Every structure is written in structure tokens, then in C-alpha cells.
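First comes the structure, then the notes that go with it.
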Ligand SMILES: Cc1cc2nc3c(=O)[nH]c(=O)nc-3n(C[C@H](O)[C@H](O)[C@H](O)COP(=O)(O)OP(=O)(O)OC[C@H]3O[C@@H](n4cnc5c(N)ncnc54)[C@H](O)[C@@H]3O)c2cc1C
């Protein structure tokens, strides 16, 4: 809790840009994309430039507060208790510079993917964004970043070429392969533990032909859809990224009319190639006879909406795992926990299996701390919670999903872990030790708190 003089000092330094608990703006300032989250930071700062970011960092240290960088609050829950935290929200840092000829982008740390995707697409280019255009580029990139082109081009974090950040000393530094290389390595996977990023630069890819879309099957056909996808995905080249999901759409206007209030087994995919080859690779799924088939040759911008993620905040619980090969028995067990025969209806609103491998399993020279992701499939499950009885039902259902996955677990993916966790489990021991050493060198007093915390060595 802040003392009275600390409060005056904070408010004086950052003026309107700091929101204290008794400010009418406080509830909005502390709100997260997950509406179940109810965290109470000591204060929230909204700096407008790097100088104000440095002011916030210096002041927090004088006041004995720790500093949590934030952009969009999409993964705020993982921070846990915030009593002694100054949340520094960089959402006002909104500069965007796209250089199509150099295939590179520079953005302020508050920029979301929706600001760059359409501009890149107009030039036949794409960034390595994920399922939602509403996610912030900074947090997504610092944690890894697994999107539609990941099997071909790897994680977004390894497309990052430079970062600017405010350090614990309040200095604004530029970090790249030549300048502060150890810090550059650590930031690419180690998240918000080393400073507050103010700008980020990254390479984007030329897309060429892109065949993408979704097959929607009635939910009652989940069994044959998941088994078929799981059997044929081994034949897919790295150019094809596919996700098989069980999805329950809420009956709200934001959902396209055909899906509103309906439940489906869905296979979505993006193929970097022509329609004939894409259709041929996916033929066993199409032969099952989807009730809706949206596959077409599309511009890259379509990938932003392909997954139909909600753009507005949602109250939800989630769980995730990176797993090795899932045998048929595991698919059966997942269906028993969340499928049509589970008797749970829409309790698990989404169960999503993403095929991994390809470039996700190959470290490239100069990669960061999150060079690869272990496992063959990424599983993410969530349940929307609109009242107290649902809270318990969702919790139990997700625990059942977790129990099925446990024997196959190959690791954890930081961006998908949305509760406080021991981040050492996300990395191999050598990478974890190196991350802690970098933290010790750049933030020995442990000022910065990433949502998945790394303590100094
Ligand atoms: C609807 C939805 C869809 C998603 N889809 C995908 C997907 O397809 N692939 C994928 O990989 N992930 C996906 N994610 C996960 C997403 O990548 C993480 O939630 C990510 O942390 C979000 O970053 P943010 O900046 O938007 O969120 P924030 O909550 O603002 O930031 C998360 C963390 O990033 C760090 N951070 C943010 N800004 C800064 C900064 N300026 N300086 C230093 N550190 C900073 C901090 O540690 C912060 O706690 C999805 C999440 C949601 C909610």
C-alpha cells in the first residue's frame, strides 16, 4: 500500500498519467482481458513516451514498488498479487512504421497486431501474428508467439531484430544482435523481466499464395473429426499449419450469424501454397462432409480473423499443455472430458489442438531464449464463466482435460499459461540458468516483474 507522501509524489511526477486506487479511473485501469481477474495494483501509470516510462521506473524504486510492464492486459492474471506493483501500461506508445521493401516493421510497444496486419497484407506480406489481431505485439513477441505460419517460419520472437527498453537504471537503450547481445537473447522468450520495452522491430515474411479457411462439422461429429485430423496431420508439410477445435459459440451479435449459439468440431488451416495442393492435403477431412467449408485463396490479412477469437474481454478459466504425440486413446479421453458424450454441453467453450513441429522444433542461428517449443501438439482449453456454479463446473472440466494431457506433457508455453506459475518449468535448465544470469546482470534488485517471473541469479 502507498503512504500518503508516496501518493503525492507519484501523482506529482506523472500527473494525469498515473491512476491511484481512489481515482474513478482505477477500475478501468486495472481491468484485464479476462474479466474474472480482480487484481489491485498499487497504481497504474500510462506513460506517453520513453521519458515518462523512465520517470515511472525511477519513482517506483524510490517508493519501494516493483514494476510490471504491460501493453493490452491479455495475460495479466499470471502476475498474481499486485499489492506492491506499479503497473506501467504502454498502450499510449502507438507509433507504427512499415517498410515493405525491407520487409520490416517498427512499432511502439502498445501496438496491437490489428494495426500492422492489413498494411502488410496490402504488400503480400505478413507478420508472424497469432490467432487474435487484438493481442499486443510486445507481450506476444517477448513470450514466443505461435501463429498460423509458425511451422514454416517459427516463432515471432525470433523474427525480432531490435528492441528499445528502459532499464532498471532508467536508461533508454537499444538492444540487438550487436548491442547488449545477452539481453537481446534473454528478451526473446524471457518476457517482461528485464525492463520496459518502448519499441520493437521485426522482420515479416512474403506470403505468396495462401489457401486458408475452416471446415465446420456438427459437434456430434467431434469423434471422427479429431481422429481423422490426428491421423493425417503427419503427412502435412511445414507450409501447412492446422488447428482442430471443439467450439461452442455464444449467442451474441459479435459471432457470425451462422455460428451464433451453435457448437462445432472445426478444422482451421493455413497453407502457404496453391489451392489445388492445399485441397488435396486436406481431402480426407473434406471427404467427411463438413456442413460449412470456407477454404479459399486469400490475402494474408484473412489470417487475423480465421480463428474467430473474441475481441472483447471475456470472463474465463483456461488450461494449456504442449504434448508429444497423442494416441487415439488420449483423443478418446479428451472427448470423454469435453466432447459430445461428456454430458458437459458448452462447459469447455473451446478445446484447441494446434499441430506443432516444423520450424517450431528447429533452432535457427542467433535465436533467442525461446528458440523452439517442445512437443508435437499445443493444447489450449478454456471455459467461459458467467456465474458461480459455472466457475466450479469449468474448473472441474478443465482439471479433467489436464489429467488426460499430463502423461503426454512435453512442456509449457509461457504465452498460454494464464495463472501464476513457476517459470523455470518453461525452459531447459541451461536456458533457465542463463536467463537468471542476465536478470542478475541487468536487474539485480529485481525491480521488473514479468507476468512469468525470472528472479536474478
Ligand atoms: C484471445 C487471445 C488469443 C491469443 N492467441 C495467441 C496465439 O495465437 N499465439 C500465441 O503465441 N499467443 C496467443 N495468445 C497469448 C498472448 O500471446 C499472451 O497473452 C501475451 O502475453 C499477450 O501480450 P500482450 O502484450 O497483449 O498482453 P499483456 O498482458 O499486456 O502483456 C503480457 C506480458 O508481456 C510482457 N510485456 C507486455 N508489454 C511489455 C513491454 N512493453 N515491456 C516489457 N514487457 C512487456 C509483460 O511481462 C506482461 O505481463 C492469445 C491470447 C489471447 C487472450
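Numbering (this note's numbering), first residue to last: 104 to 560. Where is the CB? At the ideal position from N, CA and C, for every residue including glycine. If you're wondering where the values come from, they're calculated on a predicted model, not measured in any experiment.
In whole angstroms, give me the CA-to-CA distance for residue i and residue j.
i	j	result
residue 243	residue 446	35 Å
residue 320	residue 542	48 Å
residue 434	residue 331	11 Å
residue 323	residue 139	30 Å
residue 296	residue 366	40 Å
residue 277	residue 483	35 Å
residue 438	residue 351	14 Å
residue 504	residue 425	13 Å
residue 392	residue 238	33 Å
residue 452	residue 312	33 Å
residue 416	residue 271	32 Å
residue 267	residue 156	12 Å
residue 303	residue 443	44 Å
residue 376	residue 406	14 Å
residue 236	residue 414	8 Å
residue 180	residue 490	19 Å
residue 464	residue 479	9 Å
residue 394	residue 275	54 Å
residue 160	residue 166	10 Å
residue 306	residue 256	11 Å
residue 547	residue 260	24 Å
residue 205	residue 162	39 Å
residue 217	residue 337	32 Å
residue 408	residue 526	30 Å
residue 318	residue 370	5 Å
residue 356	residue 492	25 Å
Once the 5 residues before and after residue i are set aside, which same chain residues still bring their CB inside 7 Å of it?
i	result
residue 219	199, 201, 208, 210 and 230
residue 538	289, 293, 472, 530 and 557
residue 203	226 and 228
residue 125	none
residue 494	488
Would you mind giving the Cβ-Cβ distance between residue i and residue j, rounded to the nearest angstrom? I have them listed as a contact below 8 Å.
i	j	result
residue 196	residue 144	19 Å between Cβ atoms; not a contact.
residue 341	residue 462	6 Å
residue 399	residue 316	6 Å
residue 308	residue 252	7 Å
residue 192	residue 149	5 Å
residue 511	residue 396	Their Cβ separation, rounded to whole angstroms, is 31 Å, which puts residue 511 and residue 396 out of contact at 8 Å.
residue 497	residue 507	So it is not a contact: roughly 16 Å between Cβ atoms.
residue 486	residue 419	6 Å
residue 388	residue 454	Residue 388 to residue 454, Cβ: 17 Å. No contact.
residue 147	residue 169	In fact, because the Cβ distance is near 14 Å, the residues do not count as touching under 8 Å.
Below 6 Å CB to CB, which residues in the same chain sit around residue i once its five sequence neighbours on both sides are set aside?
i	result
residue 310	227, 229 and 403
residue 381	314 and 374
residue 129	122
residue 410	234
residue 358	352
residue 335	387
residue 412	234 and 235
Opposite residue i in the DSSP bridges: which residues?
i	result
residue 344	373
residue 209	200 and 304
residue 255	Partner(s): none; residue 255 has no beta bridge.
residue 266	278 and 303
residue 366	351
residue 319	369 and 395
residue 121	148
residue 229	308
residue 215	239
residue 314	374 and 400
Going by beta carbon distance, what residues of the same chain come within less than 8 Å of residue i, once the five residues before and after it are set aside?
i	result
residue 182	142, 171, 188, 523, 552 and 554
residue 354	363 and 364
residue 476	247, 249, 258, 425, 459, 463, 464, 514 and 516
Need the endpoints of the alpha helix (DSSP H) that residue i sits in, please.
i	result
residue 224	220-224
residue 563	Given a span of 104 to 560 for the chain in the structure shown, any question on residue 563 remains unanswerable.
residue 420	No alpha helix (DSSP H) contains residue 420, which is instead part of the beta strand (DSSP E) from 419-426.
residue 156	153-165
residue 456	From DSSP, residue 456 is part of no alpha helix (DSSP H) but of the beta strand (DSSP E) over 453-458.
residue 147	Run containing residue 147: none in the alpha helix (DSSP H); it sits in the beta strand (DSSP E), 146-148.
residue 384	378-384
residue 333	325-335
residue 138	First-last for residue 138: undefined, no H or E at that position.
residue 290	284-293
residue 132	129-132
residue 536	532-545
Can you check whether the C-beta of residue i is within less than 9 Å of a C-beta belonging to chain B?
i	result
residue 334	The structure shown has no chain B; it contains just one protein chain.
Can you tell me where the beta strand (DSSP E) holding residue i begins and where it ends?
i	result
residue 172	169-173
residue 276	275-279
residue 513	512-514
residue 485	480-487
residue 189	188-192
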